[in-house]
Amino acid sequence: QKEVEQDPGPLSVPEGAIVSLNCTYSNSAFQYFMWYRQYSRKGPELLMYTYSSGNKEDGRFTAQVDKSSKYISLFIRDSQPSDSATYLCAMSPGAGSYQLTFGKGTKLSVIP
Amino acid sequence: NAGVTQTPKFRILKIGQSMTLQCTQDMNHNYMYWYRQDPGMGLKLIYYSVGAGITDKGEVPNGYNVSRSTTEDFPLRLELAAPSQTSVYFCASSYTKQGLNTEAFFGQGTRLTVV
Chain A
1 QKEVEQDPGP LSVPEGAIVS LNCTYSNSAF QYFMWYRQYS RKGPELLMYT
51 YSSGNKEDGR FTAQVDKSSK YISLFIRDSQ PSDSATYLCA MSPGAGSYQL
101 TFGKGTKLSV IP
Chain B
1001 NAGVTQTPKF RILKIGQSMT LQCTQDMNHN YMYWYRQDPG MGLKLIYYSV
1051 GAGITDKGEV PNGYNVSRST TEDFPLRLEL AAPSQTSVYF CASSYTKQGL
1101 NTEAFFGQGT RLTVV
């Protein structure tokens, strides 16, 4: 079993839809969870950064972590064509750790 | 403030050639990283550095070397290029705040093809 599993998609949704992106993981030591957005031919940029279980909201984006199920999610409300990108989940073991383990990424297209 | 700058953006190498991918950051970050991204495979850590003069191997270090003589620069050296090294290479940097590692800032990537 890979450490981090992420459905690669592609995922295509109409503008205005709610998007749900998910990752599962097997390493119970992971404590920090991140979502990166990567536009085509660009470097990843951080969207959300959460520690431990719970929800975190930032504008149209909500990150959710369920450590008991080893499952993390990113929700995008009122999706826009500008949200079309690949979304990568990433996680690391704990405070002071700097080695991120990435999922393979989910390619999202938001159709106008 | 340019962030993380990588050069070159594109390169084609012949099998057996060598080259250096340059990476520099102007944010005074202590941590720097090299990742490779293959299609549909996510990012894999090649090497990382926690400060000038200190480097360590990541998940896929074979065929690569790094050095960190300054805080700003973290070049990646490919010796004897092989087709398996065809990939997109990303350099990143981050810093610690109250003992916690913060977000990694990525460069724009170097697309390398080995033929």
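Residue numbers (our numbering), protein chains in the order written: chain A, 1 to 112; chain B, 1001 to 1115.
The beta-carbon is built from N, C-alpha and C at its ideal position, and this holds for glycine as well.
Please read all numbers here as calculations on a predicted model, not as lab measurements.
Can you name the residues that DSSP bridges to Thr101 of chain A?
A:Met91
Per DSSP, cross-strand counterpart(s) of Lys1057 of chain B:
B:Tyr1047
Take Ser26 of chain A as the anchor and find which of A:Gly9, A:Asp7, A:Ser69 has the nearest alpha-carbon.
A:Ser69
Assigned exposure category for Leu1080 of chain B - 16 Cβ within 10 Å defines buried
exposed
Among B:Arg1036, B:Met1019, B:Ile1015, B:Leu1013, which one has its Cα closest to the Cα of Phe1106 of chain B?
The shortest CA-to-CA distance from Phe1106 of chain B to any of B:Arg1036, B:Met1019, B:Ile1015, B:Leu1013 is the one to B:Arg1036.
Output needed for Thr1007 of chain B: all residues of its chain with C-beta closer than 6 Å, excluding positions within five of it in sequence on either side, in chain order.
Gln1022
Restricting to Cα atoms, I'd like to know which of A:Asp7, A:Ala17, A:Lys2 is closest to Pro81 of chain A.
A:Ala17
Between Ser1093 of chain B and Arg77 of chain A, what straight-line distance do the alpha-carbon atoms span, to the nearest angstrom?
Whole-angstrom Cα-Cα distance: 30 Å.
When you compare the region 82-90 of chain A with the region 1008-1027 of chain B, are there three or more beta-carbon pairs, one atom per stretch, that lie closer than 8 Å?
In short, these stretches do not touch, since the Cβ pair count stays below three.
Which stretch, first to last residue, makes up the beta strand (DSSP E) that contains Ile111 of chain A?
106-111
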